[in-house]
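Trainee:
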Amino acid sequence: MKKLTEEVKKVFDTGNTGFMLVATSLVMLMTPGLAFFYGGLVSRKNVLTIMMQSFVSMGWTTILWVTVGFTMCFGGDIGGIIGDGKYLFLHGISLSTAFGSNMGIPMLVFVAYQMMFAIITPALITGAFADRVRFKAYMIFLTVWLLFVYFPLVHMVWGGGLFQQWGVLDFAGGIVVHASAGFAALASVFFVGKRKVKNTRPHSIPLVALGTALLWFGWYGFNAGSELRVDSVTVSAFLNTDVAASFAAITWLILAVIFEKKPKVLGMLTGAVAGLATITPAAGYVNVQSSMLIGIIASLIGYAAIAYKNKKGWDDALDVWGVHGMGGYVGILLLGLFASTNINPNGANGLFFGDASFFLKEFVAVTVTAVYAFVFTYVALWLINKITTVRVSEETETNGLDLFEFGEEAYVE
Numbered sequence: 005m006k007k008l009t010e011e012v013k014k015v016f017d018t019g020n021t022g023f024m025l026v027a028t029s030l031v032m033l034m035t036p037g038l039a040f041f042y043g044g045l046v047s048r049k050n051v052l053t054i055m056m057q058s059f060v061s062m063g064w065t066t067i068l069w070v071t072v073g074f075t076m077c078f079g080g081d082i083g084g085i086i087g088d089g090k091y092l093f094l095h096g097i098s099l100s101t102a103f104g105s106n107m108g109i110p111m112l113v114f115v116a117y118q119m120m121f122a123i124i125t126p127a128l129i130t131g132a133f134a135d136r137v138r139f140k141a142y143m144i145f146l147t148v149w150l151l152f153v154y155f156p157l158v159h160m161v162w163g164g165g166l167f168q169q170w171g172v173l174d175f176a177g178g179i180v181v182h183a184s185a186g187f188a189a190l191a192s193v194f195f196v197g198k199r200k201v202k203n204t205r206p207h208s209i210p211l212v213a214l215g216t217a218l219l220w221f222g223w224y225g226f227n228a229g230s231e232l233r234v235d236s237v238t239v240s241a242f243l244n245t246d247v248a249a250s251f252a253a254i255t256w257l258i259l260a261v262i263f264e265k266k267p268k269v270l271g272m273l274t275g276a277v278a279g280l281a282t283i284t285p286a287a288g289y290v291n292v293q294s295s296m297l298i299g300i301i302a303s304l305i306g307y308a309a310i311a312y313k314n315k316k317g318w319d320d321a322l323d324v325w326g327v328h329g330m331g332g333y334v335g336i337l338l339l340g341l342f343a344s345t346n347i348n349p350n351g352a353n354g355l356f357f358g359d360a361s362f363f364l365k366e367f368v369a370v371t372v373t374a375v376y377a378f379v380f381t382y383v384a385l386w387l388i389n390k391i392t393t394v395r396v397s398e399e400t401e402t403n404g405l406d407l408f409e410f411g412e413e414a415y416v417e
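When we follow the numbering used here, the leftmost residue of the sequence shown carries the number 5, and every step to the right adds one.
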């Protein structure tokens, strides 16, 4: 044991390793945070169902990740789309295997960190089809979506695949997480259809506030941790995360006063999440002044997207497309405008700093991602519906999914 410890000390930077373990724990906390956030937004009779859809991802996605997911994302490149079987069942990764040449962290820490991203991404989608989808169908969807959307996108953007070869940048998941989940969410809304029993009021704003707090706290690990070590970029990403969220929260609050005549608690909480989603791809590549603008733009776009969704009658129950889909999409475009190598020498210069080609690459990558995620999700749900009914019955929807799916109730009177 002493000899192994001495060997590890020669390879790993204890500061970076400790920081990444904390960042991994913070990102893990985001999935329960999402469960509380969504749980507060739905009706009392569907709280357990929406929360279970997040919590079950913590178990099932972990199993997929350590068996096939990690190698599909970060194994040797196959055609720029997917990784090979190099790390199948984490084969070939020992306690002394280092990640990268200069990060100073164990590969297993990187495995765990990226696993937390995989866990929360499909859970984001569930807010769009809240109150309508059977648990069995969701489990099948969770599996195929990870295998055919999330894992390939991770490889293409972060694992040496096609987008990374083009020079596309995405610091912490504008393409991989938010755009993919948000546009998948929109496709699920179109396939599943409108709710028969529409809950227009959240059953517990305090639960939403708790969820927001956990998400905001965890997002420091999500964004700052994506530098994978402690340096000036880590600090910049940390500060940018908070600044963008704060500017977005207050902007949304102002919009509520202008258009709804009252400052809305729920609006401010939603604005904060919109700002966090939008800064995510740019957090480690832009200066703090740009993050202020990104936060403001995040709420302007998110508020407008939700208003447009409402006007069109799209039943995205918890506004996943407007907040995460448009947040991720616009965040990537803003990265293409504001990125600067003065902030991150390993990044790029955006359009405003002289490189129009970088903006074009970002635009193409996020657009291709949005279209693919949308089309695949719609087709996948159509195929799943041939195997097992995706949507619950009208009677179940009326009486609540919690009792029907799990035989349990969140609140017993």
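Glycine included, C-beta positions come from ideal geometry on N, C-alpha and C.
1. Going by DSSP, what residue range makes up the alpha helix (DSSP H) through LEU224?
2. Return helix, strand or coil for THR9, following the three-state DSSP convention.
3. When we look at the beta-carbon of PRO349 and count the other beta-carbons within 10 Å, is it buried (16 or more) or exposed?
4. Are the segment 197 to 215 and the segment 142 to 162 touching, with three or more C-beta to C-beta distances below 8 Å?
5. Are the Cβ atoms of HIS328 and LEU128 separated by less than 9 Å?
6. Could you have a look at GLY87 and say whether DSSP puts it in helix, strand or coil?
7. Enumerated in chain order, which unbroken segments of the alpha helix (DSSP H) with a length of 4 residues or greater are wholly contained in the segment 149 to 178?
8. With TYR312 as the anchor, note down where its alpha helix (DSSP H) starts and where it stops.
9. List in chain order: all unbroken alpha helix (DSSP H) runs of 4+ residues lying wholly within the segment 28 to 113.
10. Where do the N-terminal and C-terminal ends of the alpha helix (DSSP H) with SER250 fall, by residue?
11. Quick check on DSSP: helix, strand or coil for GLY137?
12. Are at least three pairs of beta-carbons, each pair with one atom in the segment 172 to 189 and one in the segment 332 to 344, less than 8 Å apart?
13. Only counting the same chain, and skipping five residues up and downstream in sequence, which positions put a Cβ closer than 6 Å to that of LYS7?
14. ALA249 and VAL277 - do their beta-carbons sit closer together than 9 Å?
15. Distance, Cα to Cα, VAL324 vs PHE74?
16. Per DSSP, what are the beta-bridge partners of ARG395 in this structure?
17. Using 8 Å as the cut-off, can you tell me whether the segment 287 to 302 makes contact with the segment 312 to 319, which would need three or more C-beta pairs spanning the two stretches below that distance?
18. Check this for me: beta carbons of LEU341 and LEU355, under 9 Å apart or not?
19. For GLU412, which residues of its own chain have a beta-carbon under 7 Å away from its beta-carbon, when the five flanking residues on both sides are left out?
20. Does the distance from the CB of SER240 to the CB of GLY177 come in under 9 Å?
21. Sort TYR224, SER397, TYR415 by Cα distance to ARG138 and report the nearest one.
22. Would you say GLN57 and THR130 are within 9 Å of each other, going by their C-beta atoms?
23. Quick one: give me the first and last residue of the alpha helix (DSSP H) that ALA189 is part of.
24. Can you give me the C-alpha to C-alpha distance between ALA321 and VAL372, rounded to a whole angstrom?
25. State the Cα-Cα distance for the pair PHE263 and VAL379, rounded to the nearest angstrom.
26. Taking 8 Å as the cut-off, is the beta-carbon of GLY63 closer than that to any non-hydrogen atom of the ligand FMN?
27. For PHE226, is the classification buried or exposed, using 16 other Cβ atoms within 10 angstroms of its Cβ as the cut-off for buried?
28. Is TRP256 closer than 9 Å to TYR307 when the C-beta atoms are compared?
29. Using the Cβ count rule (16 or more neighbours within 10 Å means buried), how would you classify ARG395?
30. Should the segment 19 to 31 be called in touch with the segment 103 to 117, which here means at least 3 C-beta pairs below 8 Å?
31. Ends of the alpha helix (DSSP H) at LEU405?
32. What residue from LEU190, ALA309, ILE283 has the CA that sits closest to ALA228's CA?
33. What's the call for SER47, buried or exposed, on a 16-neighbour Cβ count within 10 Å?
34. Excluding the five sequence neighbours on either side, which residues of its own chain have a C-beta within less than 6 Å of the C-beta of ALA384, listed in chain order?
35. Do you know how far the Cα of MET107 is from the Cα of ILE85?
36. State yes or no: is the C-beta of PHE59 within less than 9 Å of the C-beta of LEU214?
Mentor: The relevant details are as follows:
1. The question names Leu, but residue 224 is Tyr in the sequence shown. TYR224 -> alpha helix (DSSP H) spans 209 to 228.
2. Any reading at THR9 must be qualified, since the residue scores a pLDDT of 42, below 50, and its modelled position is unreliable; no value is offered.
3. exposed
4. no
5. yes
6. strand
7. 155 to 162, 166 to 170
8. 292 to 316
9. 51 to 68, 74 to 78
10. 236 to 264
11. Per the sequence presented here, residue 137 reads as Val, with Gly not at that position. Three-state DSSP puts VAL137 in a strand.
12. yes
13. Because the pLDDT of LYS7 is 41, which lies under 50, any placement of that residue in the model is unreliable, and the number read from its coordinates should be weighed accordingly. Cβ neighbours of LYS7 beyond the five flanking positions: none.
14. yes
15. 26 Å
16. VAL137
17. no
18. yes
19. LEU52, ASP406
20. no
21. SER397
22. yes
23. 184 to 196
24. 25 Å
25. 34 Å
26. For the ligand FMN, the structure offers nothing, since it holds no ligand at all.
27. buried
28. yes
29. buried
30. yes
31. 405 to 410
32. ILE283
33. buried
34. VAL148
35. 25 Å
36. no
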